[in-house]
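Quick note on the numbering used here: the sequence shown kicks off at 613 and runs consecutively.
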Amino acid sequence: MSTVERGVDSWLSATLDFLLSVLGFTIVWYPMVSLGNAVLGFPVSTSTVNLIVGVLAFGGSYPVVAGDWSLGRLGEYLFVLIASVIGWGLVGMVPFLASGVSVSGSNPAPQAAVWAAAYLTAYVVVYRTRWSVFS
């Protein structure tokens, strides 16, 4: 393989890693920032929330491409995060159904609690226990 071909492959690989990590960090950050904004009573507009998420995703992607962060580990974190949201949502739903209590759909607190538990679960499973989900 010539030097030019290796350079193009390297550039394409780094660009793909960057784009995938931007997508991954957008999925990670958007629920946290938007629900945090809702819990605080919407102090910033939706466009500002989108800007904050974009900046965090863009900034978080640099260490994946040029640093020590792993795109595979980010993928595992996303998988565990989504599975945890579903799991904690089902677990949290049981007491509400058993007690007959109803919560307003416009109340962001239950959603924020489920997402907070899911973020913590994903962090512990992927980064503290060092379990590999896909191997």
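The C-beta atom is built at its ideal place from N, Cα and C for all residues, glycine as well.
Under a Cβ-count criterion, where at least 16 other Cβ atoms within 10 Å of its own Cβ denotes burial, should Val713 be classed as buried or exposed?
Result: exposed.
Where Pro722 sits in the DSSP three-state scheme:
Here DSSP, grouped into helix, strand and coil, assigns Pro722 to helix.
Are Thr638 and Gly684 touching if we call contact CB-CB under 9 Å?
Gly684 sits away from Thr638, with the two beta carbons spaced by 9 Å or more.
What is the DSSP secondary structure of Asp680, reduced to helix, strand or coil?
Coil, per DSSP.
Is the beta carbon of Val697 closer than 9 Å to that of Val651?
Contact annotation: Val651 and Val697 have beta-carbon atoms that are not nearer than 9 Å.
List in chain order: all unbroken alpha helix (DSSP H) runs of 4+ residues lying wholly within the segment 639-693.
Complete alpha helix (DSSP H) runs here, min 4: 658-678.
So, does the segment 661-679 touch the segment 618-635, judging by three or more C-beta pairs under 8 Å?
Segments in contact, yes.
Distance between Asp680 and Phe741 (C-alpha atoms, nearest Å)
Correcting the residue identity first, residue 741 is Thr in this sequence and not Phe. Asp680 has its alpha-carbon roughly 18 Å from the corresponding atom of Thr741.
Do Tyr642 and Tyr689 have their CB atoms nearer than 9 Å?
Contact: no.
Taking the beta carbon of Leu709 as the centre, do at least 16 other beta carbons fall within 10 Å, making it buried, or is it exposed?
Around the C-beta of Leu709, fewer than 16 other C-beta atoms lie within 10 Å, and the residue is accordingly described as exposed.
Buried or exposed, going by whether 16 or more other CB atoms sit within 10 Å of the CB of Val703?
Result: exposed.
If Val737 and Val676 are in contact, beta carbons under 8 Å, what's the gap, nearest whole angstrom?
Val737 to Val676, Cβ: 19 Å. No contact.
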